[in-house]
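Have a look at the structure below before the remarks.
Quick look at the structure:
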């Protein structure tokens, strides 16, 4: 029951966000403001502190980073090929590929890792996520632009993606860690306060942002992407980590990061780049709801 005991609080806080939105405690404007605060202030502070002060020799795992980055890249292009093979529309193909690889690392996976394997695993996961988050953002823009049927393609959007506060903080944290950064005490305490708010705030914001779209017309690709994102990709990751004789902590972190549901930010990116917003919203909702069950299975498998 230990893995489940760690997972249940994460999803209860997420459900609290859903309830707060439904009963008017966190109305739409407040939910949007909370999400912006978490994404632009609290989570960047978390990455700067957690990654920037982590000794890379202890918190960087070449196996975890290599396997997760390789599978994220492979999942993107294989999902795009599969979407074309089953003749999804161009608008749906790009969204399908994005949803199959772009995990909600900061809002879901990191709280799950902390609850499951503790602060040591969280530091390893944060350093790994600092590599994955920029990679996922760039790949998402690439596939959506490639499948775009309206407007002019503009790959300069990648530059804007890399300037995103969370992406910049993740990359900056790696640079600071490499430089052996030790923040001033007042700055460290400030970042600690913001970091303590980041993960629970992210869960509340995610719960408040979830909403049902027009699921009936896109349920088949939404279910398919859920199976790929939550089952196939982490399953291959588990096998790869075993094959590389990774430590139990490295294996747990890699699998839990790969098993994250589709990122909420994939919806506005799909809307901006002409993707199918019904499929984008449905993929986020279905993978997030289903991830409670799949995370429980992965946690039990890893615990055994």
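Residue numbers (the working numbering): 9 to 312.
Just so you know, even glycine gets a beta-carbon here, dropped at the ideal spot from N, CA and C.
For residue i, the first and last residue of its enclosing alpha helix (DSSP H)
i	result
residue 250	241 to 251
residue 205	193 to 217
residue 153	118 to 154
residue 286	285 to 311
residue 181	173 to 186
residue 67	64 to 67
residue 40	36 to 45
residue 60	51 to 60
residue 79	70 to 93
residue 234	227 to 235
Outcome for residue i when other beta-carbon atoms lying within 10 angstroms are tallied against a minimum of 16
i	result
residue 93	exposed
residue 296	buried
residue 204	exposed
residue 194	exposed
residue 225	exposed
residue 271	buried
residue 2	Residue numbering for the chain in the displayed model covers 9 to 312; residue 2 lies beyond these limits and cannot be assessed.
residue 167	exposed
residue 215	buried
residue 20	exposed
residue 155	buried
residue 209	buried
residue 35	exposed
residue 280	exposed
residue 31	exposed
residue 282	buried
residue 276	exposed
Integer-rounded CB distance, given that residue j should sit under 8 Å from residue i
i	j	result
residue 181	residue 56	5 Å
residue 267	residue 238	6 Å
residue 17	residue 114	Incorrect: roughly 17 Å between the Cβ atoms, too far for contact.
residue 307	residue 118	Contact doesn't hold; Cβ gap of about 15 Å is too wide.
residue 206	residue 59	No, residue 206 and residue 59 are not in contact; Cβ-Cβ is about 13 Å, not under 8 Å.
residue 230	residue 294	5 Å
Those residues which DSSP pairs with residue i across a bridge
i	result
residue 111	270
Segment contact, 8 Å Cβ cut-off, at least three pairs: the stretch 31 to 50 with the stretch 90 to 108: no
Do the stretch 247 to 266 and the stretch 128 to 140 meet, that is, are 3 or more Cβ pairs less than 8 Å apart? yes
Whether or not the stretch 69 to 86 and the stretch 138 to 149 are in contact is what I'm after, with contact meaning three or more pairs of Cβ atoms, one per stretch, closer than 8 Å; do they touch? yes
Under 8 Å: do the stretch 60 to 69 and the stretch 246 to 253 share three or more Cβ pairs, one atom per stretch? no
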